[in-house]
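In our numbering, the protein residues as written are 2 to 222.
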């Protein structure tokens, strides 16, 4: 499903070039659950953004389902991202003036889904234990509840690929376990998942692990 070839991302630093990614070759099959781990500054988030079409590499290619996504126009790449990729971030980025329901619904509208999405949204929210909280605004929800709404927003349009960036960083252990269990269920439903984390308790969540160090893959399992 995803192939990266010699992906490098270089920034200018005070003492010369800084390689956030340095020659990354990675192959991810449809249905994989890949956990990418490494210390802060190892390149995890940069890799995730490159895989999601959000950050153009300095060199190298990112091919998803046969398309070199950075050879696409900006408009086409944005359309691809909206339709096929669900992002889960450490920060939730919920719109404070919208209810939980409308935050989720907005994702479907932006992905081009037409019609009344009420039942679909309620079904996803119920699976996450949030069926009775859809009328609340983010300020009325706990941190764990906000995360669940952010997850619902990411998956409600049934994207083929879910990219999660340190998603348990702001959660207590109980909510982190709920989140991990839900991601496992989504993977069993056929979603391809790439999760980046420094939390070693999540390493067994996927069927594959990739270790990053100084922008390079230093180990896989």
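From the three backbone atoms N, C-alpha and C, an ideal C-beta is built for every residue, glycine too.
What you are looking at is a predicted structure, and each value in this text was computed from that prediction instead of being measured.
Under the DSSP assignment, residue 144 falls in the alpha helix (DSSP H) whose first and last residues are 144-156. For residue 68, the beta-bridge partners assigned by DSSP are 65. Between residue 145 and residue 176, the C-beta spacing is below 7 Å. Secondary structure of residue 10 (DSSP, three-state): strand.
Within the region 77-148, complete beta strand (DSSP E) segments of at least 3 residues are found at 86-89, given in chain order.
With fewer than 16 other Cβ atoms inside 10 Å of its own Cβ, residue 75 counts as exposed. Close CB contacts of residue 91 within its chain, under the 7 Å cut and outside five residues either way in sequence, are with 166, 167, 168, 170, 171 (chain order). For residue 219, the secondary structure class from DSSP, reduced to helix, strand or coil, is strand. Per the coordinates, the alpha-carbon of residue 36 lies some 23 Å from the alpha-carbon of residue 11.
By the neighbour-count definition (other C-beta atoms within 10 Å, threshold 16), residue 206 is a buried residue.
Secondary structure of residue 30 (DSSP, three-state): coil. Taking the CA atoms as reference points, residue 87 sits about 16 Å from residue 126.
Distance from the CA atom of residue 43 to the CA atom of residue 117, rounded to whole angstroms, is 43 Å. Per the Cβ contact rule, the region 93-102 is in contact with the region 134-141 (3 or more Cβ pairs under 8 Å). Counted as a single uninterrupted DSSP element, the alpha helix (DSSP H) harbouring residue 46 occupies residues 45-52. Listed in chain order, the non-local C-beta contacts of residue 185 below 7 Å within the same chain comprise 206, local neighbours out to five positions each way being set aside. At the C-beta level, residue 28 and residue 4 come within 7 Å of one another. Around the beta carbon of residue 45, 16 or more other beta carbons sit within 10 angstroms, so the residue counts as buried. The three-state reading of DSSP puts residue 200 in coil, since its state is none of H, G, I, E or B. In terms of Cβ geometry, residue 8 and residue 19 do not form a close pair [threshold 7 Å].
Excluding five sequence positions before and after residue 129, the CB atoms of its chain that fall closer than 6 Å to its own CB belong to 149, 153, given in chain order. Here residue 5 is bridged, per DSSP, to 27, 63.
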